[in-house]
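*Asks:* Submitted below is the structure of interest, expressed as structure tokens.
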Amino acid sequence: MKRFGTWAILLLVVALAGVGGWAWWNYDLRWRPKTITKDQAQIARILETSGWVSPGKTGPKLYMVSFRTCPDCVRYMAEEFPLLHAAGVDTRVIEIARRDYNGVPKSTPAERATVAELWLNRSWTLLERWEATPAEAWTAPGIAPADGDMARTAVVEAGRKMVDDLQPLLKKNGINFAYPTLIWWTKDGKMRGCACEKRETYRYVRQELGLEG
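In structure tokens, the structure reads:
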């Protein structure tokens, strides 16, 4: 009987440890960003030479790969960008016009035109105007079409290729590319990243960029 009691206690301890470990993973570890240790220079070069636009802040750089109708991207920009900008973080947004998939359009002519314009002329004001207008109502006023223009179509395709190139490099670092994917550097020089689709990831990004909480 005494031996049975000992085993019961041991099993209870193991079960509690298992539950505690799962809770730690579920509420903390799974949401933490990853340190990018492989192909750092190549990833940095891809980001820096892309058509990012930013508000020109002088603090830490945060790259964000996005597309206009991505709901998680829209939420991140609405909820986190004001905090990041107040702290001087330079949010470098890389907008993509996705390829069609199995014959289904994943972007519109207005979207492709705007992406090409952003990549070519780096206008944060244009990005703000675009984000402030419902996607279905945006007509890309005053912007040259990308469709039918070889140079601008090539720019749109360059954005798609950028995603193609990033995906395997990030996967080697434990990051499964999604929208938005965020990449930044910590104060001690570590390159960090995450596919930050969920709000649970936000606090880690803020903390590593020098914000509280």
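Per our numbering, the sequence shown starts with residue 3, numbered consecutively.
We put the beta carbon where it would ideally sit given N, CA and C, even for glycine.
DSSP on lysine 63, reduced to helix/strand/coil?
*Replies:* By 1-based counting over the sequence shown, the position of residue 63 is 61. Here lysine 63 sits in strand by DSSP.
*Asks:* Taking only the alpha-carbon atoms, compute the straight-line gap between arginine 154 and glycine 161 and give it to the nearest angstrom.
*Replies:* Locating residue 154 in the sequence shown gives position 152, where the first residue counts as 1. Locating residue 161 in the sequence shown gives position 159, where the first residue counts as 1. In a straight line, the C-alpha of arginine 154 is about 11 Å away from that of glycine 161.
*Asks:* Would glycine 195 be called buried (16 or more neighbouring beta carbons within 10 Å of its own) or exposed?
*Replies:* Numbered from 1 along the sequence shown, position 193 holds the residue referred to as residue 195. Classification for glycine 195: buried.
*Asks:* What's the gap between the Cα of lysine 40 and the Cα of glutamate 50?
*Replies:* Here residue 40 is taken as the residue at index 38 of the sequence shown, counted from 1. Here residue 50 is taken as the residue at index 48 of the sequence shown, counted from 1. Distance between the alpha carbons of lysine 40 and glutamate 50 is about 17 Å.
*Asks:* Distance check for leucine 211 and methionine 79, CA to CA, integer angstroms please.
*Replies:* Locating residue 79 in the sequence shown gives position 77, where the first residue counts as 1. Locating residue 211 in the sequence shown gives position 209, where the first residue counts as 1. Whole-angstrom Cα-Cα distance: 16 Å.
*Asks:* For a test of the three-state rule: what should DSSP assign to valine 157, helix, strand or coil?
*Replies:* Start at 1 with the first residue of the sequence shown, and residue 157 comes out as number 155. Correct three-state label for valine 157: helix.
*Asks:* Which parts of the stretch 100 to 163 are runs of the alpha helix (DSSP H), unbroken and 4 residues or longer, counting only runs that do not cross its ends?
*Replies:* With a minimum length of 4 residues, the continuous alpha helix (DSSP H) runs that stay inside the stretch 100 to 163 are 111 to 123, 126 to 134.
*Asks:* Hey, would you say proline 57 sits closer than 8 Å to tryptophan 187, going by beta carbons?
*Replies:* By 1-based counting over the sequence shown, the position of residue 57 is 55. By 1-based counting over the sequence shown, the position of residue 187 is 185. Against a cut-off of 8 Å, the Cβ pair of tryptophan 187 and proline 57 comes out as no contact.
*Asks:* Specify the secondary structure class of valine 55 as computed by DSSP and reduced to three states.
*Replies:* On the sequence shown, position 53 is the one that residue 55 refers to. Three-state DSSP puts valine 55 in a strand.
*Asks:* For alanine 156, count neighbouring Cβ atoms within 10 angstroms of its own Cβ and tell me buried if that reaches 16, exposed if not.
*Replies:* Residue numbering aside, residue 156 sits at position 154 when the sequence shown is read from its first letter. Exposed, because fewer than 16 other Cβ atoms sit within 10 Å of the Cβ of alanine 156.
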